[in-house]
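What follows is a set of notes on a single structure, which appears directly below.
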Amino acid sequence: MRELNLILFGPPGAGKGTQAARLQDDFRLPYVATGDILRAAVKDGTELGRAAKAFMDAGDLVPDELVIDLIVERISADDCLDGFILDGFPRNRAQADAIGAAFEKLERRITAVLLIDVPDEDLLRRITGRRVSAKTGRPYHIDTDPPKHEGRCDIDGSRLIQRDDDRPDVVTKRLEVYHRETEPLISYYDEKGLLRRVDGTRSPTEVHDHIRAVLATLRLEEDL
Ligand code: AP5
Numbered sequence: 001m002r003e004l005n006l007i008l009f010g011p012p013g014a015g016k017g018t019q020a021a022r023l024q025d026d027f028r029l030p031y032v033a034t035g036d037i038l039r040a041a042v043k044d045g046t047e048l049g050r051a052a053k054a055f056m057d058a059g060d061l062v063p064d065e066l067v068i069d070l071i072v073e074r075i076s077a078d079d080c081l082d083g084f085i086l087d088g089f090p091r092n093r094a095q096a097d098a099i100g101a102a103f104e105k106l107e108r109r110i111t112a113v114l115l116i117d118v119p120d121e122d123l124l125r126r127i128t129g130r131r132v133s134a135k136t137g138r139p140y141h142i143d144t145d146p147p148k149h150e151g152r153c154d155i156d157g158s159r160l161i162q163r164d165d166d167r168p169d170v171v172t173k174r175l176e177v178y179h180r181e182t183e184p185l186i187s188y189y190d191e192k193g194l195l196r197r198v199d200g201t202r203s204p205t206e207v208h209d210h211i212r213a214v215l216a217t218l219r220l221e222e223d224l
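Okay, here's the thing in structure tokens:
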């Protein structure tokens, strides 16, 4: 397979970040996560962060004018020429059209949009039990994926924290926004033949195995 341009898609808490960490180990591709980029901007107090914070805290999407150019430029950069793992973008029709137009101009294409499918009833439990590395954002779960040492990231020992937008009331809002703004992109990408569904209710290892199998099939199809 030449380029591996992957979009990880799914509702809040579906396991996109969890699978991204494994896919990064597999493929050594740049990982571009809009949520992580925005949270870093908030932490650093940049202009972007100051503009984005209120939207994020409320569980709303950050306005398109703050994210579209930023992300399209990022995945068009030289280090993404062999591919990338994109998480959290696109989240509405305008963002999807922006990637489509930019890639058409560059004569590149999305390899696959991997939908990690999890019903709403499982998501709240997953998100409220999530803890993330304060440094890298790597996710853990207090019950299903605890770190080896409580409160510390396995990779670099950084402190584990709870995200500001992981409170139950904000999670409910994020789910509403997902269903209204983002879910319609499932049929958008299905019609383009790019959507691949993965059952996200299985264990992280089973989900990862399924994604690997999907990518192996795509590779075979490309070689035909
Ligand atoms: P973002 O950071 O992108 O959050 P999200 O899409 O809501 O997704 P999450 O990070 O909550 O979940 P995930 O799917 O990565 O799950 P994870 O692997 O951590 O966005 C945050 C905010 O930024 C948005 O609300 C918005 O304001 C703004 N924003 C971002 N992008 C934007 C854009 N393009 N436009 C506008 N605004 C934007 O897993 C969750 C938990 O479940 C973990 O504890 C994990 O250990 C556990 N888990 C994972 N997999 C499994 C499994 N298979 N079984 C059991 N537990 C599992």
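For reference, each letter of the sequence shown is one residue, going 1 to 224 in UniProt numbering.
Where is the CB? At the ideal position from N, CA and C, for every residue including glycine.
Remember, it's a predicted structure, so these values are computed and weren't measured experimentally.
Counted within 10 angstroms of its Cβ, other Cβ atoms place residue i as buried (16 or more) or exposed
i: I155; result: exposed
i: K16; result: buried
i: D79; result: exposed
i: P90; result: buried
i: A216; result: exposed
i: T111; result: buried
i: H179; result: exposed
i: S133; result: buried
i: T46; result: exposed
i: P139; result: buried
i: P119; result: exposed
i: Q95; result: buried
i: Q24; result: exposed
i: P184; result: exposed
i: K18; result: It is Thr, not Lys, that sits at residue 18 in the sequence shown. Looking at its Cβ environment, which holds 16 or more other Cβ atoms inside 10 Å, T18 is buried.
i: T205; result: exposed
i: G10; result: buried
i: R131; result: buried
i: H149; result: exposed
i: P12; result: buried
i: L8; result: buried
i: R109; result: exposed
i: A20; result: buried
i: T182; result: buried
i: residue 237; result: The shown model of the chain, from 1 to 224, leaves out residue 237, and the question about it has no answer.
i: D164; result: exposed
Per DSSP, the bridge partner or partners of residue i
i: Y31; result: I85
i: F9; result: L115
i: L4; result: G83
i: Y140; result: R131
i: L160; result: S133
i: D97; result: DSSP lists no partner for D97.
i: R74; result: None, per the DSSP bridge assignment.
i: D145; result: H141
i: R152; result: R159
Assumed close pair residue i, residue j - CB separation to whole angstroms, cut-off 8 Å
i: L115; j: R197; result: 5 Å
i: L195; j: I186; result: 6 Å
i: G129; j: I142; result: 5 Å
i: I68; j: A98; result: 5 Å
i: K173; j: G59; result: 3 Å
i: R22; j: H208; result: 5 Å
i: A33; j: G88; result: 5 Å
Within-8 Å CB hit, residue i to chain B
i: D156; result: Here chain B cannot be found, since the structure has a single protein chain.
Q) Quick one: complete beta strand (DSSP E) runs, 3+ long, within the segment 17-63? A) You should have 31-33.
Q: Any chance you could list the alpha helix (DSSP H) runs of at least 4 consecutive residues sitting entirely within the segment 159-220, in chain order?
A: Fully enclosed alpha helix (DSSP H) runs of 4 or longer: 168-177 and 185-191.
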